[in-house]
Amino acid sequence: MCALHYEAKQMDRLLQAMRAVAEPTRIRILNLCAHSELTVSDLVNLLGQSQPRLSRHLKLLVEGHVLERHQEGSWARYRLASDRRADDNAAGFASAVLDLLPQEDPILARDMDRLDRLRRKWDAEAADYFKRNAAEWDHIRTLHVDELAVSNALSDVTRNWTLGRLLDIGTGTGKLLELLGPRASSAVGIDLSAEMLRVARAAIEREGLTDCQVRQADMYQIPSADQDFDTAVLHMVLHYADDPAQALAEAARVLSDTGRILIVDFEQHNLAELRAEHAHRWPGFTQEQIQNWLNDAGFGDVSITRLEGGALTVCIWTAQKSAQSQAEEAA
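Residue numbers (my numbering): 1103 to 1433.
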């Protein structure tokens, strides 16, 4: 009886997905959202149709489980539904429909041309943001080893890791998504700053990282279920945190039983200007601080890689969920 109910539910879901895409404008929306994450305003500009009309189409596509809707402040963003749920065939159906679309069709080709122009606009906005903040970032970069050395060290440290489902906490400009995203089965970057998210979104669009996405979210209240990710990274984030221990505990919550965490931050230093002028809450960290916070959050096997160069030493801490800590918590 349960099997029959399950099959009937799957059939209903598939039929709902079929009805959702069976309309010319909705096919165009599906195609555009398969190539980029878009707002209603974006689609109004791309398709030249009214907002109420497009909102109705989007509602049907979301109800048909072929698009996903994510809230970002006062904006909602839409993207092609992921097929992470093994029991959900709507996403697979949507992908099959997209494979059948003739991309040389004049209407679809025009849509993609307009999307390319929109992407170039996003790139220009990201470049302007970098230009406005370059002086501050350049000053901090002169104080520590160069970014290429950090990126190379991160690649070395994670070389033998299976990243799986990656979470970049405090993604900022999306640099870690660019570096590690291609090796992950899927990747989500979260940040509270809408402006940073625009920069990160432009970066992953530019790099063609279709399995990566960014979301506006708080690192203390990550909008994900328990054990939703396999790897979590915090790159130059903890020194801004009011409560690093709570941030690491929340990261542990959303990691799988064998999940790994990677932290990149400064070793403890005496540069008071970073707190006064750049809003750093913490003057870097000691090995003991990070070790204790990670252990309290349920991680073990903590290791550190130190990158010296300049007034600031960059540290890379790694750890893995500890079976012993989980057993103690369950008890």
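Just so it is clear, CB atoms sit at the ideal spot from N, CA and C, and this is done for glycine as well.
Cβ of residue i within 8 Å of any chain C Cβ
i: Lys-1423; result: Among the chains in the structure shown there is no chain C, since it carries only a single protein chain.
Alpha-carbon to alpha-carbon, residue j and residue i
i: Glu-1369; j: Glu-1307; result: 33 Å
i: Met-1442; j: Gly-1166; result: Residue 1442 is absent from the model: the chain starts at 1103 and stops at 1433.
i: Val-1316; j: Lys-1277; result: 12 Å
i: Trp-1419; j: Glu-1379; result: 26 Å
i: Ser-1358; j: Gln-1329; result: 4 Å
i: Val-1290; j: Gln-1112; result: 28 Å
i: Glu-1410; j: Leu-1210; result: 52 Å
i: Gln-1391; j: Phe-1195; result: 49 Å
i: Asp-1345; j: Arg-1285; result: 30 Å
i: Ile-1363; j: Asp-1332; result: 9 Å
i: Asn-1397; j: Ala-1251; result: 28 Å
i: His-1137; j: Trp-1177; result: 19 Å
i: Trp-1384; j: Trp-1263; result: 29 Å
i: Gly-1361; j: Glu-1206; result: 43 Å
i: Thr-1273; j: Glu-1249; result: 16 Å
i: Ala-1183; j: His-1172; result: 11 Å
i: Ser-1197; j: Ser-1405; result: 41 Å
i: Ser-1287; j: Gly-1266; result: 5 Å
i: Asp-1258; j: Val-1416; result: 15 Å
i: Gly-1310; j: Leu-1279; result: 11 Å
i: Ile-1131; j: Arg-1234; result: 34 Å
i: Leu-1156; j: Asn-1191; result: 25 Å
i: Leu-1373; j: Asn-1254; result: 26 Å
i: Val-1146; j: His-1382; result: 40 Å
Among the options, nearest to residue i - alpha-carbon criterion
i: Asp-1201; options: Thr-1264, Ile-1129, Ser-1253, Gly-1400; result: Ile-1129
i: Asp-1225; options: Ala-1302, Ser-1295, Pro-1385; result: Ala-1302
i: Gly-1283; options: Ser-1257, Ala-1304, Arg-1261, Asp-1313; result: Asp-1313
i: Ser-1326; options: Ile-1271, Ser-1143, Val-1199, Thr-1141; result: Ile-1271
i: Glu-1125; options: Glu-1375, Gln-1153, Ser-1143, Leu-1162; result: Leu-1162
i: Ser-1424; options: Ala-1399, Ala-1122, Val-1168, Ala-1413; result: Ala-1399
i: Cys-1135; options: Ile-1324, Ile-1392, Leu-1160, Ala-1192; result: Leu-1160
i: Gly-1150; options: Arg-1212, Glu-1227, Asp-1207; result: Arg-1212
i: Arg-1377; options: Ala-1343, Val-1366, Leu-1182; result: Ala-1343
i: Phe-1387; options: Val-1366, Gly-1402, Asp-1403; result: Val-1366
i: Asp-1218; options: Leu-1169, Glu-1139, Gly-1266; result: Glu-1139
i: Arg-1355; options: Ala-1334, Leu-1340, Asn-1372, Val-1339; result: Ala-1334
i: Leu-1319; options: Ala-1296, Leu-1311, Leu-1336; result: A small correction: the amino acid at residue 1319 is Ala; Leu does not occupy that position in the sequence shown. Here the closest residue by C-alpha is Ala-1296.
i: Ala-1347; options: Arg-1300, Gln-1393, Thr-1407; result: Gln-1393
i: Leu-1269; options: Arg-1216, His-1341, Ile-1292, Asn-1147; result: Ile-1292
i: Val-1339; options: Gly-1402, Thr-1275, Arg-1222; result: Thr-1275
i: Thr-1407; options: Thr-1141, Thr-1260, Trp-1395, Arg-1222; result: Thr-1260
i: Pro-1204; options: Asp-1144, Ala-1193, Gln-1153, Asn-1133; result: Asn-1133
Residue i - DSSP class collapsed to helix/strand/coil
i: Gly-1194; result: helix
i: Trp-1177; result: strand
i: Trp-1419; result: strand
i: Thr-1127; result: helix
i: Ser-1405; result: strand
i: Glu-1369; result: strand
i: Ala-1334; result: strand
i: Gln-1151; result: coil
i: Arg-1261; result: coil
i: Leu-1160; result: helix
i: Arg-1383; result: coil
i: Asp-1320; result: strand
i: Asp-1270; result: strand
i: Leu-1278; result: helix
i: Leu-1140; result: strand
Residue(s) in a DSSP beta bridge with residue i
i: Trp-1224; result: In DSSP, Trp-1224 forms no bridge with anything.
i: Cys-1314; result: Ala-1289
i: Ser-1253; result: In the DSSP output, where bridge partners are listed per residue, Ser-1253 has none listed.
i: Glu-1170; result: Arg-1181
i: Arg-1362; result: Thr-1333, Gln-1422
i: Leu-1357; result: Phe-1331
Distance between beta carbons of residue j and residue i, contact taken as under 8 Å
i: Ala-1304; j: Tyr-1322; result: So it is not a contact: roughly 26 Å between Cβ atoms.
i: Leu-1414; j: Leu-1245; result: 5 Å
i: Arg-1181; j: Leu-1169; result: 7 Å
i: Leu-1220; j: Leu-1116; result: No, Leu-1220 and Leu-1116 are not in contact; Cβ-Cβ is about 32 Å, not under 8 Å.
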